[in-house]
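Under my numbering, the first residue of the sequence shown is numbered -7, with each subsequent residue one higher.
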Amino acid sequence: MHGQKRSEYKSRLLNPEAASNLATTAQQWNVLSRELLSQRRRLLASSPSATAVANTATDSAPPSPRVLLTLTEKMLTVNPDPSHLWNIRREMLLYLIQNGSSTFDVRPELKLTAHCLQKNPKAYATWFHRKWSVAYLLSHARTLNEASCPERHDSKEKMASEKTILQTELDLCAQFLMIDERNFHCWNYRRFVVALLGSFGRIVDADPLQSEEIESKSDLDLSRGLNSYTGAWSSWVNLFDDQRKTLAGVSWKALMGAQISSNSMGIVPSHGEEGDASNNILKTAPVSKTELQELIFSEWDFTTSKIQDNFSNGSAFHYRSKLIPIVLDARLASSLGSSDEGCANTISPAEKQGAILTMAREEWEDILLNAIFTEPDDQTPWWYHRFIVAWAKPSLDVKDDEYYELSANYESLLSDMADSLRELLEVEKENDAEGNAENRDESKGIKCKWAYLGLHLVLSSLVKVQLEKTDGPSSEYTAELFEETKQCLDALIMIDPCRSERYKQLADEMAC
């Protein structure tokens, strides 16, 4: 956890009573560990497929997988970190399911992982097991239950129940992030749950051509199969464009990859053709565009609230950088009054570039200005500032006259940024003159190092805009920008000598 000093942790170990308790716990742990591994070897040796091992097995009855599940639960509640314990637990769960002894119940797994995360909120293996449990529930449980008692199975009711579980998982993430808003494990899990909600979709008939809930078979293929449950942000985020491209007709990758492998979910044919894994998956169509908009806007607002709570929240800024192009497309689709109809052909590349500049200005005025003036020494908002400057730069996929207009708007944004950063530096210089900089941590950027870096970025971008113009301002203005950019680098060499060679390299690049 953040803020826990190592000296305090070590001092507790010097307490004789605490050391004695730890020794007892370690001894009990070793006994349980040996028992667990021994029971597992006996169980696997009794498997019909393990004939080579079975020859050396004892005559005693093989242990029950449920006993091993109990042992793993006892050990994980003490120490949730060892990955092999979670691996054994999943192995036993699959053993019971594949032998027909049990169906998968996600509730004990969610309860166990929640308890373990309270003990260690940053345990990699615990978060992975929770992902696996939820994904396995969605990709298997419905079909297995349907096969066992089809007369009692209500697919839509089950799907609503499982969506409720996912919404509950989002609420759990919010609670964890209230305790530690920079827990990147929890942020990663939240993106995983959002991916499941986005690709979970709605139930359709086995024959997509006979279903009234989808428009075409290609829609079914977008979220069909195990890839819908890996946590990947894939085709479902492109739902605003029926051609699976951006609204401007240009492919983009504001995507996030899979967090778990589809192979880890242990596909086992339950009905239909033997070996046909696709029969194990309840077929769904993508969520509607209205549902997708609500989901994306909700996540966007969530990052806004977390950033306003703490401008040092790098995970929230990172998530926001991934959401922003999706939010942009959602806004454009909403502005056209199109929630369920294609609108890709009605928005030109120039219009989308203009919307990008508008949104970049909103981010600068509503988020970044407050952040950098409140915490000018924190590098987190400055990273996002660098991202916004690069993202807002107009592309060349527009006509020349449109590009010049967009370039002028981009230049206006950069000029406003430069004016605000100059004002920030003046305020910081006044603080330095009053002796208020003595208590500032040099590692965070004493004398406002990050503001100088931000101003250098903006000025160098302005210089590039000026050099691209054929009939722009006079060369005198460009020369002034060059000189101010050089002054920023000179100041950085003075206040950050450890990186002086880097700043000299940037100066040489500007001179070229």
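All residues carry an ideal CB built from backbone N, CA and C; glycine is no exception.
Quick caveat: nothing in here was measured; it's all calculated off a predicted structure.
Beta-ladder partner(s) of residue i, from DSSP
{"i": "Trp225", "result": "Met248"}
Cα-Cα separation, residue i to residue j
{"i": "Gln479", "j": "Glu472", "result": "11 Å"}
{"i": "Ala187", "j": "Thr296", "result": "19 Å"}
{"i": "Asn13", "j": "Leu63", "result": "21 Å"}
{"i": "His132", "j": "Leu85", "result": "13 Å"}
{"i": "Ser304", "j": "Tyr402", "result": "27 Å"}
{"i": "Lys385", "j": "Ala342", "result": "12 Å"}
{"i": "Leu104", "j": "Trp119", "result": "11 Å"}
{"i": "Phe365", "j": "Asp97", "result": "50 Å"}
{"i": "Lys496", "j": "Phe309", "result": "30 Å"}
{"i": "Trp374", "j": "Trp383", "result": "14 Å"}
{"i": "Ala106", "j": "Ala152", "result": "23 Å"}
{"i": "Val179", "j": "Trp124", "result": "According to the sequence provided, residue 179 is Trp. The question's Val does not apply to it. About 16 Å."}
{"i": "Asp163", "j": "Gly190", "result": "16 Å"}
{"i": "Glu468", "j": "Ala400", "result": "18 Å"}
{"i": "Arg34", "j": "Arg26", "result": "12 Å"}
{"i": "Thr156", "j": "Ala410", "result": "47 Å"}
{"i": "Tyr444", "j": "Leu484", "result": "7 Å"}
{"i": "Lys391", "j": "Val457", "result": "17 Å"}
{"i": "Ser3", "j": "Thr16", "result": "19 Å"}
{"i": "Gln20", "j": "Glu101", "result": "24 Å"}
{"i": "Leu449", "j": "Thr477", "result": "9 Å"}
{"i": "Pro55", "j": "Ser93", "result": "14 Å"}
{"i": "Asn362", "j": "Arg99", "result": "43 Å"}
{"i": "Glu65", "j": "Asp172", "result": "26 Å"}
{"i": "Lys344", "j": "Ser387", "result": "11 Å"}
{"i": "Ser412", "j": "Tyr221", "result": "45 Å"}
{"i": "Arg122", "j": "Tyr116", "result": "10 Å"}
{"i": "Phe289", "j": "Glu161", "result": "18 Å"}
{"i": "Asp488", "j": "Trp356", "result": "26 Å"}
{"i": "Tyr311", "j": "Ala53", "result": "52 Å"}
{"i": "Ser280", "j": "Val319", "result": "16 Å"}
{"i": "Asn302", "j": "Ser38", "result": "55 Å"}
{"i": "Glu394", "j": "Glu415", "result": "32 Å"}
{"i": "Leu130", "j": "Glu154", "result": "7 Å"}
{"i": "Leu158", "j": "Val185", "result": "6 Å"}
{"i": "Phe168", "j": "Arg378", "result": "29 Å"}
{"i": "Arg32", "j": "Leu68", "result": "16 Å"}
Outcome for residue i when other beta-carbon atoms lying within 10 angstroms are tallied against a minimum of 16
{"i": "Pro30", "result": "With the sequence shown as reference, residue 30 is identified as Ser, and Pro is not the correct amino acid for it. Flag for Ser30 reads exposed."}
{"i": "Leu60", "result": "buried"}
{"i": "Met486", "result": "exposed"}
{"i": "Lys441", "result": "buried"}
{"i": "Asp358", "result": "exposed"}
{"i": "Pro8", "result": "exposed"}
{"i": "Asn91", "result": "exposed"}
{"i": "Asp321", "result": "buried"}
{"i": "Asn175", "result": "buried"}
{"i": "Val23", "result": "exposed"}
{"i": "Pro317", "result": "buried"}
{"i": "Thr238", "result": "Reliability fails at Thr238, whose pLDDT of 41 lies under 50, so the model's placement of it is uncertain and the value that follows must be treated cautiously. By the neighbour-count rule (16 or more Cβ atoms within 10 Å), Thr238 is buried."}
{"i": "Leu360", "result": "buried"}
{"i": "Ile380", "result": "buried"}
{"i": "Asp482", "result": "exposed"}
{"i": "Gly446", "result": "buried"}
{"i": "Arg182", "result": "buried"}
{"i": "Asp369", "result": "buried"}
{"i": "Ile299", "result": "buried"}
{"i": "Asn165", "result": "First, the amino acid is wrong: residue 165 is Cys here, not Asn. Buried: at least 16 other Cβ atoms inside 10 Å."}
{"i": "Pro57", "result": "buried"}
{"i": "Ala11", "result": "exposed"}
{"i": "Thr338", "result": "exposed"}
{"i": "Gly223", "result": "buried"}
{"i": "Arg81", "result": "buried"}
{"i": "Glu475", "result": "exposed"}
{"i": "Lys421", "result": "exposed"}
{"i": "Pro18", "result": "As written in the sequence, residue 18 is Ala, which differs from the Pro given in the question. The residue in question, Ala18, is exposed, as its Cβ has fewer than 16 Cβ neighbours within 10 Å."}
{"i": "Ser307", "result": "buried"}
{"i": "His76", "result": "exposed"}
Proximity test, Cβ basis, 8 Å: residue i and chain B
{"i": "Ala499", "result": "Absence of chain B from the displayed structure is noted, only one protein chain being present."}
Using 8 Å as the Cβ pair cut-off and three pairs as the minimum, do the segment 452 to 459 and the segment 403 to 410 touch? yes
Three CB pairs or more closer than 8 Å across the segment 346 to 353 and the segment 284 to 292: no
Tell me whether the segment 65 to 77 and the segment 110 to 125 touch, counting them as touching only if at least three CB pairs, one residue from each stretch, are closer than 8 Å. yes
Complete alpha helix (DSSP H) runs within the segment 364 to 429 (minimum length 4 residues, chain order): 371 to 384, 392 to 425
Mind listing, in chain order, the continuous alpha helix (DSSP H) runs of no fewer than 4 residues lying wholly within the segment 54 to 81? 57 to 70
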